[in-house]
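Colleague: Dropping a structure here in structure tokens format, bear with me for questions.
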Amino acid sequence: MLWLASYPRSGNTFFRNVLFEAYGLQSSTFHDETDYPVDPEYTNYPIVKTHLLPSQLEPADPTIPAVYLVRDGRDCVVSLAHYRKQLLDSDSDFRLNAQAAIEAAGGSHFGGWGHHVRSWSERADLILHFEELISDPIACLERLRPWIDLPQPNLDKVPTFSDLKSKDFQYGSGLEHGFSPEDRKRWREGKFRRGKAGGWKDELPHDLHMRFLHHHGDALERTGYITVPESLLPPEEQFESQQKSHWISRLTRRKSPPFRLLVDGIKLLDTQIDGVWRYVRELITALHDCSSADENQWEIDVSLGYLGN
């Protein structure tokens, strides 16, 4: 048995359908949902999908191998917001849905994307990314061979993500829940809406993006979805992520400098480079140059604005 873990809306249904269609391997699920039961024989399947945290697994045996499928959390919360509005509660508001997923109040949404990533990063034997799954699903699944006996894949039967929107596959189409053809069509169109990386860039409002960075920025860095703009730092300095404090890059160091300056650099995390982005970058560069010329009489910190959880 192998755990296939992911935060919701990270591509595990596509993963399971490729596994079934190309390799002929069935999978089950382990969950805490109330609208359908857990298969009592789930441990007999070679792969078991779950969204739960490692501490919630049954069996809790840490020697059971686990694969973690990770997707950019900003895409996840956008997809969750649409999923809720299109399939669960048509009267809900997209913005409020996204905000609820970002803040994960009271431990909802599996503790939030960042908490989920940190928990599973420590537990998983292998971490796969949504982007590699979408671009080359067979290459992605072939990486499971050290933990599971995979037959040779039938490459003629490999589905694409777009196929999920129009065909009744084994998982995620509503077939497993006995939906009517009309309900299956609506379910597929809502559940497999876009299936692309970076869709959040034209759907997540700027203020919610900043809120996401505040809550989950460290996990974005951990998974490689954001990187520190190293061009802003002198070669000898490295970016540091500090838990329980603002994410700060120190440009110069001195034990007791007479002057200290904190610059709000959160604009540098924007994906679109505009005039404000260039202004902030040039300002920080100029301040660093001035500090160096003044024998480091200034200590300059750049805050990227989020708190580690």
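If you use my numbering, the sequence shown corresponds to residues 145 to 453, in order.
Glycine included, C-beta positions come from ideal geometry on N, C-alpha and C.
1) How many Å lie between Leu451 and Leu357 at the Cα?
2) Taking the DSSP output, what are the residues bridged to Asp408?
3) Quick one: is Ser400 buried, meaning 16 or more other Cβ sit within 10 Å of its Cβ, or exposed?
4) How is the beta strand (DSSP E) around Val182 delimited, first residue to last?
5) Could you name the residues of the same chain whose beta carbon sits closer than 6 Å to that of Phe238, not counting the 5 residues immediately before and after it, in chain order?
6) When the Cα of Arg287 is compared with those of Lys301, Leu146, Tyr423 and Asp346, which residue comes out closest?
7) Which one of Pro181, Glu276 and Arg328 has the shortest CA to CA distance from Gly339?
8) Compute the Euclidean distance between the alpha carbons of Ser279 and Leu272, then round it to the nearest angstrom.
9) Does DSSP put Leu169 in a helix, a strand or coil?
10) Could you pull out every residue in the same chain whose Cβ sits closer than 7 Å to the Cβ of Pro295, ignoring the five residues on either side in sequence?
11) Between Pro466 and the rest of its own chain, which residues show a CB-CB distance below 8 Å, the 5 nearest in sequence each way excluded?
12) Please state whether DSSP places Ser279 in a helix, a strand or coil.
13) Under 9 Å, do Ile208 and Arg160 count as touching if we go by C-beta distance?
14) At a cut of 8 Å, does the stretch 171 to 183 reach the stretch 233 to 248 through at least three beta carbon pairs?
15) Go ahead and pull the three-state DSSP assignment for His175.
16) Answer yes or no: do Trp264 and Tyr212 have a C-beta to C-beta separation smaller than 9 Å?
17) Tell me the rounded alpha-carbon separation between Asp414 and Asp269.
18) By the 10 Å Cβ neighbour count, where 16 or more other Cβ atoms means buried, how is Asp327 classified, buried or exposed?
19) Whole angstroms are fine: how far does the CA of Leu427 sit from the CA of Leu395?
20) Run through DSSP, which three-state label would Trp291 get?
21) Within 10 angstroms of the Cβ of Asn117, are there 16 or more other Cβ atoms? Answer buried if so, exposed if not.
22) Name the DSSP beta bridge partners of Lys193, please?
Modeller: Taking the definition as stated:
1) Since pLDDT at Leu451 reaches only 46, below the 50 mark, its modelled position is unreliable, and the value read off the structure follows with that caveat. For Leu451 and Leu357, the distance between alpha carbons rounds to 9 Å.
2) DSSP, once it has assigned bridges, lists Ser447 as partnering Asp408.
3) Any reading at Ser400 must be qualified, since the residue scores a pLDDT of 49, below 50, and its modelled position is unreliable; the value itself is stated next. Its Cβ having fewer than 16 others within 10 Å, Ser400 is exposed.
4) First-last for Val182: undefined, no H or E at that position.
5) The answer, listed in chain order, is Ala225 and Lys229.
6) Measuring C-alpha to C-alpha distances from Arg287 to each of Lys301, Leu146, Tyr423 and Asp346 identifies Leu146 as the nearest.
7) Of the listed residues, the one whose Cα sits closest to Gly339 is Glu276.
8) Just so you know, the alpha carbons of Ser279 and Leu272 end up roughly 12 Å apart.
9) Annotated three-state conformation of Leu169 is coil, per DSSP.
10) Tyr167 and Gly168.
11) The chain is shown only over 145 to 453; residue 466 falls outside these bounds and no answer can be derived.
12) Secondary structure at Ser279: helix, using DSSP grouped into helix, strand and coil.
13) Here Ile208 is not near Arg160, since their CB atoms are 9 Å or more apart.
14) With the cut-off at 8 Å, the stretch 171 to 183 and the stretch 233 to 248 do not touch.
15) Correct three-state label for His175: coil.
16) Taking 9 Å as the Cβ cut-off, Trp264 and Tyr212 qualify as a contacting pair.
17) When rounded, the distance between both Cα atoms is 32 Å.
18) By the Cβ-count criterion, Asp327 is exposed, with fewer than 16 other Cβ atoms from all chains shown falling within 10 Å of its own Cβ.
19) For Leu395, the pLDDT reaches just 44, beneath the cut-off of 50, and the residue's location in the model is therefore unreliable, leaving the point undetermined.
20) Correct three-state label for Trp291: coil.
21) Lying outside 145 to 453, the shown extent of the chain, residue 117 is not represented and no answer is given.
22) Answer is Leu148 and Thr173.
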